[in-house]
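Have a look at the structure below, then the notes.
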């Protein structure tokens with residue numbers, strides 16, 4: 001990490017690094033272009049589409065995560081939301097793929113919201129969905145969420161949780177956000193602990209009040225999770241409950257799909273297809289998992305599944321599915337890596353899966369499906385997935401003034417060491433689940 005600091009957001013710094021790689025990128029791009037041309041694919045059109053893709057950075061993601069047992073802080077971690085924005089600005093400058101930030105309230109509380117928006121604008125950033133938090137208590141909170149929030153048996157607790165969500169909407173309006181993400185940990189750890197039907201009814205009663213407070217051009221994104229912290233019965237435990245709630249609330253309510261919030265071996269791409277069909281696919285929290293809700297780096301475990309999800313998204317675009325405008329957000333916990341590096345590589349993996357999905361010959365695939373040719377249909381997908389689209393990704397970043405090799409540029413800048421000098425470390429003894 002030792003060395004001279006250079007601002008990784010500086011265009012000349014990025015350009016200097018790119019100059020050394022430009023010749024190889026151009027050669028690789030031309031070679032891939034020739035290959036794709038034989039398939040009838042215009043590489044420049046694919047590159048332009050990939051370059052237009054953006055994913056929101058979670059404000060909580062730029063800090064070090066942790067396990068249920070401990071959290072080991074990294075050096076130079078952001079201490080407040082303004083420093084989080086600085087890190088997000090670095091990620092976007094180097095990748096060109098993360099133009100927005102998704103805030104989590106009250107974690108990202110500030111008394112000067114206009115100043116926060118002004119700083120984001122200066123960094124070339126906007127704000128995506130705001131996330132409410134009624135799954136933990138905070139200092140000075142009057143009533144506890146230990147036994148639930150929006151579904152609590154006590155009407156006063158429910159009212160407190162509803163008001164917090166409405167406050168999030170107010171703050172989001174000041175920031176220029178257009179969506180509210182609602183996730184609750186409400187549920188039961190023991191059979192008989194709660195009435196399963198009434199808990200869901202209380203959820204609908206509470207979210208109706210939040211829904212009524214949505215501005216006309218806003219959306220509510222309902223996030224489900226099959227377990228944790230409620231291990232016996234979670235109120236919004238799967239996409240079916242999420243869809244039922246969204247359809248009950250109204251046309252501004254949509255379902256959010258977190259890739260880690262499913263039972264092992266669940267067909268997530270089919271869930272995506274069903275929600276597209278129902279016109280209720282609101283967006284994604286992208287991550288990866290091995291055992292459960294691990295919040296691992298996107299594409300680090302099962303890149304083919306990520307590709308299959310994007311295959312459904314590109315198919316929906318190709319078919320011009322109605323009401324199809326999903327939001328894309330990352331949601332990861334970085335325990336042993338530099339969060340900035342993990343978020344950059346995850347954004348790139350999303351672009352990779354998108355580029356690969358764009359290479360699928362839709363008409364050929366449809367014909368094989370119509371003919372019930374299982375092998376060739378599968379091979380049509382595999383052909384796109386196994387194509388090395390790295391030259392497309394590099395060219396897309398180059399066209400946006402970003403770094404051809406973001407991680408190498410970041411490390412060369414010594415940004416983390418500079419942050420360590422500016423942001424004194426603080427010891428943490430608690431758990432670090434994000």
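Numbering (UniProt numbering), first residue to last: 1 to 434.
Think of the CB as a built atom: it goes at the ideal place given N, C-alpha and C, for glycine as much as any other residue.
Check	Outcome
Quick check on the burial criterion: 16 or more other C-beta atoms within 10 angstroms. Buried or exposed for residue 346?	buried
Roughly how many angstroms separate the alpha carbons of residue 213 and residue 81, rounded to a whole number?	25 Å
Write down the C-beta distance between residue 4 and residue 54 rounded to the nearest angstrom, noting that I regard them as a contact closer than 8 Å.	That pair is no contact at about 31 Å.
Do you know how far the Cα of residue 47 is from the Cα of residue 355?	8 Å
Is the separation between the beta-carbon of residue 75 and that of residue 343 shorter than 7 Å?	no
From the DSSP output, read off the bridge partner residues of residue 64.	334
How many Å lie between residue 403 and residue 203 at the Cα?	46 Å
Along the chain, where does the beta strand (DSSP E) containing residue 373 start, and where does it finish?	Element bounds for residue 373: n/a, residue is neither H nor E.
Thinking C-alpha only, which one of 375, 412 and 234 is nearest residue 94?	412
Between residue 452 and residue 72, how many whole angstroms is the CB-CB distance? I'm expecting something under 8 Å.	There is no way to answer for residue 452, as the model of the chain reaches only from 1 to 434.
Spatial neighbours of residue 191 within its chain, please: CB distance less than 7 Å, with the 5 preceding and 5 following residues excluded, ordered by chain position.	232
Using C-beta distances below 7 Å, list every residue in its chain close to residue 279, excluding the 5 sequence neighbours before and after it, in chain order.	322 and 323
Okay, do the segment 292 to 302 and the segment 356 to 376 touch, 3+ Cβ pairs below 8 Å being the bar?	no
Check whether the Cβ atoms of residue 262 and residue 268 sit closer than 7 Å, and answer yes or no.	yes
Is residue 271 helix, strand or coil by DSSP?	helix
Would DSSP call residue 36 helix, strand or coil?	helix
Tell me the DSSP secondary structure of residue 10 in three-state form.	coil
Confirm, please, whether the CB-CB distance from residue 221 to residue 248 is below 7 Å.	no
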